[in-house]
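Chemist:
Protein chains: 2
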Amino acid sequence: MIEQLRNIAVFTALSDGSLYEFAKHIEYVKHQKGTIIIRADKIEPHFYVLERGIARAYSDGENQQITFWFGQSGNVLFSFNSYINNQPGYENIELLEDSILMRMRLSNLFLLYDKHLEIANWGRKIAEQELIATERRLIDRAFKGAAERYQEFVAQSPELIKRVALKHIASYLGVTQVTLSRIRAAYK
Amino acid sequence: MIEQLRNIAVFTALSDGSLYEFAKHIEYVKHQKGTIIIRADKIEPHFYVLERGIARAYSDGENQQITFWFGQSGNVLFSFNSYINNQPGYENIELLEDSILMRMRLSNLFLLYDKHLEIANWGRKIAEQELIATERRLIDRAFKGAAERYQEFVAQSPELIKRVALKHIASYLGVTQVTLSRIRAAYK
DNA sequence: CTCATTTTTTAACATTTGTAAAATGTTGTC
DNA sequence: GACAACATTTTACAAATGTTAAAAAATGAG
Numbered sequence: 001m002i003e004q005l006r007n008i009a010v011f012t013a014l015s016d017g018s019l020y021e022f023a024k025h026i027e028y029v030k031h032q033k034g035t036i037i038i039r040a041d042k043i044e045p046h047f048y049v050l051e052r053g054i055a056r057a058y059s060d061g062e063n064q065q066i067t068f069w070f071g072q073s074g075n076v077l078f079s080f081n082s083y084i085n086n087q088p089g090y091e092n093i094e095l096l097e098d099s100i101l102m103r104m105r106l107s108n109l110f111l112l113y114d115k116h117l118e119i120a121n122w123g124r125k126i127a128e129q130e131l132i133a134t135e136r137r138l139i140d141r142a143f144k145g146a147a148e149r150y151q152e153f154v155a156q157s158p159e160l161i162k163r164v165a166l167k168h169i170a171s172y173l174g175v176t177q178v179t180l181s182r183i184r185a186a187y188k
Numbered sequence: 189m190i191e192q193l194r195n196i197a198v199f200t201a202l203s204d205g206s207l208y209e210f211a212k213h214i215e216y217v218k219h220q221k222g223t224i225i226i227r228a229d230k231i232e233p234h235f236y237v238l239e240r241g242i243a244r245a246y247s248d249g250e251n252q253q254i255t256f257w258f259g260q261s262g263n264v265l266f267s268f269n270s271y272i273n274n275q276p277g278y279e280n281i282e283l284l285e286d287s288i289l290m291r292m293r294l295s296n297l298f299l300l301y302d303k304h305l306e307i308a309n310w311g312r313k314i315a316e317q318e319l320i321a322t323e324r325r326l327i328d329r330a331f332k333g334a335a336e337r338y339q340e341f342v343a344q345s346p347e348l349i350k351r352v353a354l355k356h357i358a359s360y361l362g363v364t365q366v367t368l369s370r371i372r373a374a375y376k
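Here you go:
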């Protein structure tokens with residue numbers, strides 16, 4: 001089990017001791033494509049790690065739905081508002097493919113944070129990396145046009161382009177699907 | 189000194205023991221309005237806490253400069269890219285008023301992260317709260333028009349509206365200054 | 001107070017992106 | 001392979017925002 005965890009991107013830097021602590025509380029679950037594993041209107045008691053599959057986090061508005069995050073194999077899936085503020089959040093997480101996930105109760109994670117220095121720093125680094133990535137996206141929206149953002153997305157996330165519906169990618173890039181279609185048409 | 193630290197928003201939740209660890213390494217500095225305390229092209233060896241004043245983080249582009257964060261009294265000022273990746277970053281931090289700051293070497297902070305569980309979790313929570321705030325802003329850009337974003341900013345940050353130049357607020361909201369002027373004119 | 005500098009507003013026009021709806025293409029199931 | 005469901009593209013038009021430049025207002029130094 002510990003060897004299995006070490007192969008997952010988000011756990012690679014951890015010591016055996018920490019992996020052992022995780023292993024005690026982790027269980028595997030499988031879900032089909034289309035499953036919404038985290039719902040905005042509920043407090044989600046688990047966090048997940050995607051072992052195989054693709055996920056998206058999205059938020060529902062009146063007439064639209066916007067995707068603001070993609071998760072690939074090895075990424076952690078949190079409902080940040082459940083996780084951080086213990087309140088129902090603004091985010092749903094949907095599996096875009098049949099997936100294998102590990103999950104663990106947040107209550108157990110919090111106990112680990114309060115006992116294990118290495119795990120507390122592991123959680124810190126995850127939040128920091130997400131923060132940098134999100135901040136950059138916010139800045140890119142100002143500096144780069146929609147076409148450039150699309151091209152960089154293609155270059156940086158070739159897997160996602162292949163496997164994710166364009167309507168999700170459009171809202172991730174901050175444009176409508178029509179605009180994304182126009183951008184793509186210009187490069188044919 | 190410990191009492192002094194406890195009065196600062198970002199430190200209030202910490203125990204005396206942790207405050208003592210911070211106190212050992214903290215020094216006070218004063219800077220004038222206009223000082224750029226963190227520069228994008230340099231690795232910044234300190235982090236700062238703003239005791240009095242207002243700061244903005246901004247990024248330089250070819251023909252523009254966009255402000256993506258405001259700091260008020262009690263907030264922490266990081267160059268996240270220096271802090272997280274030990275590389276020059278994309279962010280400058282400028283003081284918008286004459287300010288009093290505390291600072292501490294990042295190398296000392298990292299030592300504390302590796303020794304003190306409470307401080308590691310303190311760092312984790314700071315990153316998590318910033319992450320939620322940034323993610324919400326990204327989502328708001330999709331769901332809310334520029335006028336609504338402005339009105340909410342006024343409601344939530346009355347101090348900043350009074351004390352910060354509108355050109356900075358415009359880019360923070362993701363519009364040009366001309367657009368912000370039009371929005372303001374519509375509510376007269 | 002006055003002048004120079006900077007900030008904010010206004011105007012005219014251009015461009016981008018959005019909206020709605022129809023047409024086309026794709027996928028999966030029986 | 002035919003159908004239904006869903007995804008993507010296209011078209012025509014509307015709305016929002018950007019660009020540039022100039023005018024007006026506010027700020028700050030001497």
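Residue numbers (my numbering), protein chains in the order written: chain A, 1 to 188; chain B, 189 to 376.
Just so you know, even glycine gets a beta-carbon here, dropped at the ideal spot from N, CA and C.
Might you give, ordered along the chain, the residues of its own chain that have their beta carbon closer than 6 angstroms to the beta carbon of residue 138 (chain A), omitting 5 neighbours on each side?
Modeler: Here residue 138 (chain A) refers to the residue found at position 138 of the first sequence. Nothing meets the Cβ criterion.
Chemist: Would you check if the distance between the CB atom of residue 106 (chain A) and the CB atom of residue 47 (chain A) is smaller than 7 angstroms?
Modeler: Walking along the first sequence from the start, residue 106 (chain A) turns up at place 106. Walking along the first sequence from the start, residue 47 (chain A) turns up at place 47. Cβ atoms of residue 106 (chain A) and residue 47 (chain A): closer than 7 angstroms.
Chemist: Could you give the residue range of the beta strand (DSSP E) that holds residue 50 (chain A)?
Modeler: Translated into positions along the first sequence, residue 50 (chain A) becomes position 50. 46 to 52 is the extent of the beta strand (DSSP E) around residue 50 (chain A).
Chemist: DSSP three-state call for residue 287 (chain B): helix, strand or coil?
Modeler: Walking along the second sequence from the start, residue 287 (chain B) turns up at place 99. Here residue 287 (chain B) sits in strand by DSSP.
Chemist: Would you list, in sequence order, the uninterrupted alpha helix (DSSP H) runs of no fewer than 4 residues that lie entirely inside the stretch 103 to 133 of chain A?
Modeler: Those alpha helix (DSSP H) runs which fall completely within the stretch 103 to 133 of chain A and span 4+ residues are 106 to 113.
Chemist: Any contact of the stretch 38 to 57 of chain A with the stretch 69 to 87 of chain A, i.e. 3+ C-beta pairs under 8 angstroms?
Modeler: Segments in contact, yes.
Chemist: Who are the Cβ neighbours of residue 285 (chain B) in its own chain at under 6 angstroms, not counting the five residues just before and after it?
Modeler: Stepping through the second sequence from its first residue, residue 285 (chain B) is reached at position 97. The answer, listed in chain order, is 221, 241 and 242.
Chemist: What in chain A is Cβ-close to residue 305 (chain B), meaning under 9 angstroms?
Modeler: For the purposes of this step, residue 305 (chain B) is taken as the residue at position 117 of the second sequence. Simply 113, 114, 115, 116, 117 and 120.
Chemist: DSSP state of residue 78 (chain A), grouped into three classes?
Modeler: Residue 78 (chain A) sits at position 78 when you count from the first residue of the first sequence. If DSSP states are grouped into helix, strand and coil, residue 78 (chain A) belongs with coil.
Chemist: Check the Cβ-Cβ distances between residue 80 (chain A) and every residue of chain B, and say whether any is below 7 angstroms.
Modeler: Reading the first sequence from its first residue, position 80 is the one you call residue 80 (chain A). Output row for residue 80 (chain A): interface = yes.
Chemist: Going along chain A in order, which residues have a C-beta closer than 8 angstroms to the C-beta of residue 214 (chain B)?
Modeler: Reading the second sequence from its first residue, position 26 is the one you call residue 214 (chain B). Chain A residues near residue 214 (chain B): none, gap ~20 angstroms exceeds 8 angstroms.
Chemist: Are the C-beta atoms of residue 214 (chain A) and some chain B residue less than 7 angstroms apart?
Modeler: Only positions 1 to 188 of chain A appear in this structure, which leaves residue 214 (chain A) out of reach.
Chemist: Using 8 angstroms for Cβ pairs, my map puts residue 37 (chain A) next to residue 131 (chain A). What's the rounded Cβ distance?
Modeler: In the first sequence, counting from the first residue as 1, residue 37 (chain A) sits at position 37. In the first sequence, counting from the first residue as 1, residue 131 (chain A) sits at position 131. The pair is not a contact, with the Cβ atoms about 23 angstroms apart (cut-off 8 angstroms).
Chemist: Which stretch, first to last residue, makes up the beta strand (DSSP E) that contains residue 159 (chain A)?
Modeler: Along the first sequence, read from residue 1 onward, the residue named residue 159 (chain A) stands at position 159. Per DSSP, residue 159 (chain A) belongs to no beta strand (DSSP E); it is in the alpha helix (DSSP H), 158 to 163.
Chemist: Helix, strand or coil, according to DSSP, for residue 61 (chain A) in the structure here?
Modeler: Taking the first residue of the first sequence as position 1, residue 61 (chain A) is located at position 61. Correct three-state label for residue 61 (chain A): coil.
Chemist: For residue 94 (chain A), decide whether its Cβ has a neighbour in chain B, counting only Cβ atoms nearer than 7 angstroms.
Modeler: One-based indexing of the first sequence puts residue 94 (chain A) at position 94. No, no contact with chain B.
Chemist: With a threshold of 7 angstroms between beta carbons, is residue 377 (chain B) in contact with chain A?
Modeler: Any question about residue 377 (chain B) goes unanswered here, given that chain B covers just 189 to 376.
Chemist: Expressed to the nearest angstrom, what Euclidean distance is found between the alpha-carbon atoms of residue 103 (chain A) and residue 26 (chain A)?
Modeler: Sequence index remark: in the first sequence, residue 103 (chain A) carries index 103 (1-based). Sequence index remark: in the first sequence, residue 26 (chain A) carries index 26 (1-based). One C-alpha to the other measures close to 6 angstroms.
Chemist: Taking only the alpha-carbon atoms, compute the straight-line gap between residue 311 (chain B) and residue 86 (chain A) and give it to the nearest angstrom.
Modeler: Counting from one through the second sequence, the residue named residue 311 (chain B) turns up at place 123. Counting from one through the first sequence, the residue named residue 86 (chain A) turns up at place 86. Approximately 19 angstroms between the Cα atoms of the pair.
Chemist: What does residue 139 (chain A) reach in chain B if we use C-beta pairs closer than 8 angstroms?
Modeler: Translated into the one-based positions of the first sequence, residue 139 (chain A) becomes position 139. Result: 247, 254, 256 and 278.
Chemist: In whole angstroms, what is the alpha-carbon distance linking residue 377 (chain B) and residue 189 (chain B)?
Modeler: The structure shown has nothing for residue 377 (chain B), since chain B only spans 189 to 376.
Chemist: Have a look at residue 332 (chain B) and residue 298 (chain B) and give me their C-alpha separation to the nearest angstrom.
Modeler: For the purposes of this step, residue 332 (chain B) is identified with residue 144 of the second sequence, where counting begins at 1. For the purposes of this step, residue 298 (chain B) is identified with residue 110 of the second sequence, where counting begins at 1. When rounded, the distance between both Cα atoms is 39 angstroms.
Chemist: Could you round the C-beta distance between residue 261 (chain B) and residue 289 (chain B) to whole angstroms and report it? I think they count as a contact, below 8 angstroms.
Modeler: Counting from one through the second sequence, the residue named residue 261 (chain B) turns up at place 73. Counting from one through the second sequence, the residue named residue 289 (chain B) turns up at place 101. Wrong, their Cβ atoms sit about 10 angstroms apart, outside the cutoff.
Chemist: Looking at the C-beta of residue 21 (chain A), does it have a partner C-beta in chain B at a distance below 7 angstroms?
Modeler: Counting from one through the first sequence, the residue named residue 21 (chain A) turns up at place 21. So no, residue 21 (chain A) is outside the interface.
Chemist: For the alpha helix (DSSP H) holding residue 24 (chain A), just list the boundary residues, first then last.
Modeler: Along the first sequence, read from residue 1 onward, the residue named residue 24 (chain A) stands at position 24. Run containing residue 24 (chain A): 16 to 25, per the alpha helix (DSSP H) assignment.
Chemist: Going by C-alpha distance, which of B:296, B:252 and B:244 is nearest residue 259 (chain B)?
Modeler: Indexing the second sequence from 1 puts residue 259 (chain B) at position 71. The shortest C-alpha separation from residue 259 (chain B) is found at B:244.
Chemist: Buried or exposed: where does residue 354 (chain B) fall if 16 or more other Cβ atoms within 10 Å of its Cβ makes it buried?
Modeler: To locate residue 354 (chain B), count along the second sequence from 1; it is residue 166. Classification of residue 354 (chain B): exposed, given that the 10 Å Cβ count is below 16.
Chemist: Could you tell me the alpha carbon to alpha carbon distance between residue 18 (chain A) and residue 313 (chain B), rounded to whole angstroms?
Modeler: The count along the first sequence starts at 1 and reaches residue 18 (chain A) at position 18. The count along the second sequence starts at 1 and reaches residue 313 (chain B) at position 125. Answer to the nearest angstrom: the Cα atoms are 20 angstroms apart.
Chemist: Counting only Cβ pairs nearer than 7 angstroms, list the residues of chain B close to residue 142 (chain A).
Modeler: Position 142 of the first sequence, counted from the start, is the residue given in the question as residue 142 (chain A). Per Cβ cutoff of 7 angstroms: 254, 359 and 362.
Chemist: Could you work out which residue in A:31, A:93, A:175 and A:28 is closest to residue 59 (chain A) when comparing CA atoms only?
Modeler: Locating residue 59 (chain A) in the first sequence gives position 59, where the first residue counts as 1. Selected option, being the one with the closest Cα: A:93.
Chemist: Pull up the distance between the alpha-carbon of residue 344 (chain B) and that of residue 278 (chain B), whole angstroms please.
Modeler: The residue you call residue 344 (chain B) lines up with position 156 of the second sequence. The residue you call residue 278 (chain B) lines up with position 90 of the second sequence. Their Cα atoms are separated by approximately 27 angstroms.
Chemist: Provide the residue(s) that pair with residue 31 (chain A) in DSSP beta bridges, ordered along the chain.
Modeler: In the first sequence, counting from the first residue as 1, residue 31 (chain A) sits at position 31. Paired residue(s): A:99.
Chemist: Excluding sequence positions up to five away, which residues of its chain have a Cβ less than 8 angstroms from the Cβ of residue 364 (chain B)?
Modeler: Mapped onto the second sequence, residue 364 (chain B) falls at position 176. 358.
Chemist: What's the call for residue 287 (chain B), buried or exposed, on a 16-neighbour Cβ count within 10 Å?
Modeler: Walking along the second sequence from the start, residue 287 (chain B) turns up at place 99. Buried, by the Cβ-count rule.
Chemist: State the CB to CB distance for the pair residue 173 (chain A) and residue 142 (chain A), rounded to an integer number of angstroms; the pair is presumed to be in contact (CB under 8 angstroms).
Modeler: Start at 1 with the first residue of the first sequence, and residue 173 (chain A) comes out as number 173. Start at 1 with the first residue of the first sequence, and residue 142 (chain A) comes out as number 142. Actually they are not in contact, since the Cβ atoms of residue 173 (chain A) and residue 142 (chain A) sit about 14 angstroms apart, beyond 8 angstroms.
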